[in-house]
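Peer 1: Residue numbers (UniProt numbering): 1 to 486. Ideal placement from N, C-alpha and C gives every residue a C-beta, glycine not left out. These numbers were taken from a predicted model, which means no experiment stands behind them.
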């Protein structure tokens, strides 16, 4: 059997590793004001970028990490030729805010791009995102220390922005909790695909062909993903590898991928108030246990991260990495984990619609993404009795995929926003698919499969607001060197 080996030295690290030990990060959004100066900077700074190279001796891991990604406009600003820009996929070229994409992603009402803080039609054009991470090795779980390390590194970099032809527009600080909980209080990121050839090991159902996430390798369809090729010669082409697909052209995508970013504000108060209201005791008091249980049904996991398909009655706590299960085997009828739960929709595993196990797994594997979420705002763990964080809190949602349309957009549109799913008719994804203002007569429900009759929870609230977003190209380290020569 042929195993793919990834060129980890050439792949930027954030794609392969979540940098979980780096509790603090700053995502800096920049404009290129002087392309010549920026290219001069790139010709040196590619050496500073953190690669996915495996470091066996943990003490040798650097205390700071750095990665970089460009928008379509940013690549144009660097001087990539029109014809080479046109070689990128349509989704990336159009960006997140074309009318068609807005419809697909359901960005309406207070989530419409016109009122976004960044990335929208009324905001300044972003050219690149610099991702800065810090870790104080002396104590792994001390966010404050990690923050100091991260921000010191950021200040060093920022001191040279102007000289390097860069103008900082804004930044978002992203944090991680040691047990990886998000603001609604649920453990996040338990289930991640394992990229074949990345050196990570795990359940074989989670091993996904590299071409789903990295250009230049075969994907789950057994073909090379559609990669941006050099159509018009420019720059030092010796730095690029030939197209693995055999066209004879040089491949700008090889070992790179697309990065999706969305800033999602979380309304913790609305989320738990709704759950508390739907589960309250006859005398009107909060029934915390029932509220937590309904929340877990919405998510598909308990707050500890334990899957409700395996633990339907109570949260085994305190935190759980259990991920080796299939719905066809443990919960075919959806009696434990409802068909409409967020987890089950985003990754239906071996139980997609009416397909058999094998076909289901195949379909699921063709729509996976690698998620890299970071929290912003106060670190806050929501629960039935803890519902009022100070100020705005939310998730900087980041994901990697080689095909934005078939992976990220498909998940959002087909598996989250569409109210029809399996035997469901009026059920959007309760976390990310609910409309703020439903159409006249449109119901937004959550159905809990049960014997003899299903239970329905009505009038789901919209609990997230999109505040910004963009599609980025996350190039390989060689391609960064190449971009400096165009």
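For residue 271, which residues of its own chain have a beta-carbon under 6 angstroms away from its beta-carbon, when the five flanking residues on both sides are left out?
Peer 2: Position 271 of the chain shown, counted from the start, is the residue given in the question as residue 271. Cβ within range, chain order: 184, 463.
Peer 1: By a C-beta neighbour count over all protein chains shown, 10 Å radius and 16 as the cutoff for buried, is residue 452 buried or exposed?
Peer 2: As a working mapping, residue 452 is identified with position 452 in the chain shown. Classification of residue 452: exposed, given that the 10 Å Cβ count is below 16.
Peer 1: Which residues in the same chain as residue 199 place their Cβ atom closer than 6 angstroms to its Cβ, once the five residues preceding and following it in sequence are excluded?
Peer 2: Here the question's residue 199 lines up with position 199 in the chain shown. So the list reads 54, once near-sequence residues are dropped.
Peer 1: If you run the structure through DSSP and keep just helix, strand and coil, what is residue 309?
Peer 2: As a first step, residue 309 must be located in the chain shown, where it is residue number 309. In this structure, residue 309 counts as coil in the three-state DSSP scheme.
Peer 1: Spatial neighbours of residue 194 within its chain, please: CB distance less than 6 angstroms, with the 5 preceding and 5 following residues excluded, ordered by chain position.
Peer 2: Within the chain shown, residue 194 is the residue found at index 194, counting from 1. Closer than 6 angstroms at the Cβ level, and outside the excluded window around residue 194, lie 200, 202, 206, 207.
Peer 1: Considering only residues of the segment 220-292, which uninterrupted beta strand (DSSP E) runs meet the minimum length of 3 residues and lie entirely inside it, listed in chain order?
Peer 2: List check, beta strand (DSSP E) in window: 257-266.
Peer 1: So is residue 293 buried or exposed if we call it buried at 16+ other beta carbons inside 10 Å?
Peer 2: Translated into the one-based positions of the chain shown, residue 293 becomes position 293. By the 10 Å Cβ count, residue 293 comes out buried.
Peer 1: Going by C-alpha to C-alpha distance, which of 466, 472, 298, 45 sits closest to residue 111?
Peer 2: For the purposes of this step, residue 111 is identified with residue 111 of the chain shown, where counting begins at 1. If we check each option's Cα against that of residue 111, 466 comes out closest.
Peer 1: Keeping to the same chain, check which residues put their C-beta closer than 8 angstroms to that of residue 410; ignore five residues upstream and five downstream.
Peer 2: Sequence index remark: in the chain shown, residue 410 carries index 410 (1-based). Result list for residue 410: 367, in chain order.
Peer 1: So what's residue 410 in DSSP terms, helix, strand or just coil?
Peer 2: Taking the chain shown and counting its residues from 1, the one referred to as residue 410 is at position 410. Looking at residue 410 - three-state DSSP - the assignment turns out to be helix.
Peer 1: Do you know whose CA, among 267, 354, 444, 107, lies nearest residue 332's CA?
Peer 2: Locating residue 332 in the chain shown gives position 332, counting from the first residue. Considering only alpha carbons, the answer is 354.
Peer 1: Tell me the rounded alpha-carbon separation between residue 316 and residue 324.
Peer 2: One-based indexing of the chain shown puts residue 316 at position 316. One-based indexing of the chain shown puts residue 324 at position 324. Spanning the two alpha carbons is a distance of roughly 16 angstroms.
Peer 1: Would you mind sorting residue 56 into buried or exposed? The rule is 16 or more other CB atoms within 10 Å of its CB.
Peer 2: As a position in the chain shown, residue 56 is number 56, starting the count at 1. The residue is exposed, with fewer than 16 neighbouring Cβ atoms inside 10 Å.
Peer 1: By a C-beta neighbour count over all protein chains shown, 10 Å radius and 16 as the cutoff for buried, is residue 225 buried or exposed?
Peer 2: Reading the chain shown from its first residue, position 225 is the one you call residue 225. The residue in question, residue 225, is buried, as its Cβ has 16 or more Cβ neighbours within 10 Å.
Peer 1: On a CA-only basis, which of 243, 414, 313 is nearest residue 433? Give me that one, please.
Peer 2: The residue labelled residue 433 in the question sits at position 433 within the chain shown. Here the closest residue by C-alpha is 414.
Peer 1: Excluding five sequence neighbours on each side, which residues of the same chain lie with their C-beta closer than 6 angstroms to the C-beta of residue 502?
Peer 2: Nothing in the structure corresponds to residue 502, since the chain is present only between 1 and 486.
Peer 1: In the structure shown, what three-state DSSP assignment does residue 78 receive?
Peer 2: Taking the first residue of the chain shown as position 1, residue 78 is located at position 78. Helix.
Peer 1: Using the three-state DSSP reduction, which class does residue 447 fall into: helix, strand or coil?
Peer 2: Translated into the one-based positions of the chain shown, residue 447 becomes position 447. Strand.
Peer 1: Residue 192 by DSSP, collapsed to three states: which one?
Peer 2: Walking along the chain shown from the start, residue 192 turns up at place 192. If DSSP states are grouped into helix, strand and coil, residue 192 belongs with coil.
Peer 1: Flag this pair as touching only if the segment 97-117 and the segment 57-70 have three or more C-beta atom pairs under 8 angstroms; answer yes or no.
Peer 2: No, the segment 97-117 is not in contact with the segment 57-70.
Peer 1: Helix, strand or coil for residue 163? Go by DSSP, reduced to three states.
Peer 2: Within the chain shown, numbered from 1, the residue matching residue 163 stands at position 163. If DSSP states are grouped into helix, strand and coil, residue 163 belongs with coil.
Peer 1: To the nearest angstrom, how far is the alpha carbon of residue 1 from that of residue 313?
Peer 2: By 1-based counting over the chain shown, the position of residue 1 is 1. By 1-based counting over the chain shown, the position of residue 313 is 313. Only weak support is given to the placement of residue 1: the predicted model assigns it a pLDDT of 46, under 50, and the question is left unresolved by the model.
Peer 1: Going by DSSP, what residues sit across from residue 47 in a beta bridge?
Peer 2: What you label residue 47 is simply residue 47 of the chain shown in a count that begins at 1. According to DSSP, which records beta bridges pairwise, residue 47 is partnered with nothing at all.
Peer 1: For the candidate residues 217, 123, 136, whose alpha-carbon lies nearest to that of residue 468?
Peer 2: Walking along the chain shown from the start, residue 468 turns up at place 468. Checked all of 217, 123, 136; the closest Cα to residue 468 is 123.
Peer 1: Terminal residues of the continuous beta strand (DSSP E) containing residue 401?
Peer 2: For the purposes of this step, residue 401 is taken as residue 401 along the chain shown, with counting starting at 1. Where residue 401 is concerned, the enclosing beta strand (DSSP E) stretches over 394-401.
Peer 1: When the Cα of residue 389 is compared with those of 83, 6, 268, which residue comes out closest?
Peer 2: Numbered from 1 along the chain shown, position 389 holds the residue referred to as residue 389. Selected option, being the one with the closest Cα: 268.
Peer 1: So who's on the other strand from residue 67, going by DSSP bridges?
Peer 2: As a first step, residue 67 must be located in the chain shown, where it is residue number 67. Beta-bridge pairing links residue 67 to 131.
Peer 1: Give the secondary structure of residue 465 by DSSP, where H, G and I count as helix, E and B as strand, and everything else as coil.
Peer 2: The residue given as residue 465 occupies position 465 in the chain shown. Residue 465 falls in the strand class under three-state DSSP.
Peer 1: Got a sec, what are the start and stop residues for the alpha helix (DSSP H) residue 362 sits in?
Peer 2: Taking the chain shown and counting its residues from 1, one reaches residue 362 at position 362. Per DSSP, residue 362 belongs to the alpha helix (DSSP H) from 357-365.
Peer 1: One question on the structure: do residue 254 and residue 227 come within less than 9 angstroms of each other, judged by their Cβ atoms?
Peer 2: In the chain shown, counting from the first residue as 1, residue 254 sits at position 254. In the chain shown, counting from the first residue as 1, residue 227 sits at position 227. Yes, the pair counts as a contact, with Cβ atoms nearer than the cut-off.
Peer 1: Going by beta-carbon coordinates alone, are residue 459 and residue 443 separated by less than 9 angstroms?
Peer 2: By one-based count along the chain shown, residue 459 stands at place 459. By one-based count along the chain shown, residue 443 stands at place 443. A contact, by the Cβ cut-off of 9 angstroms.
Peer 1: Across which residues does DSSP place residue 177 in a beta bridge pair?
Peer 2: Translated into positions along the chain shown, residue 177 becomes position 177. DSSP, once it has assigned bridges, lists no residue as partnering residue 177.
Peer 1: Taking residue 35 and residue 163 to be in contact with their CB atoms under 8 angstroms, please state how far apart those CB atoms are, rounded to whole angstroms.
Peer 2: The residue labelled residue 35 in the question sits at position 35 within the chain shown. The residue labelled residue 163 in the question sits at position 163 within the chain shown. Rounded, the Cβ-Cβ distance is 14 angstroms, inconsistent with contact.
Peer 1: Residues in its own chain within less than 8 angstroms of residue 450 by CB, not counting five upstream and five downstream?
Peer 2: Within the chain shown, numbered from 1, the residue matching residue 450 stands at position 450. So the qualifying residues of the chain are 335.
Peer 1: Taking the alpha carbon of residue 236 as the reference point, which residue from 252, 128, 397, 305 has its own alpha carbon closest?
Peer 2: Taking the chain shown and counting its residues from 1, the one referred to as residue 236 is at position 236. The option with the nearest alpha carbon to residue 236 is 252.
Peer 1: Give a yes or no on contact between the segment 295-307 and the segment 335-353, applying the rule of three or more CB pairs nearer than 8 angstroms.
Peer 2: Because the criterion of three Cβ pairs below 8 angstroms is met, the segment 295-307 and the segment 335-353 touch.
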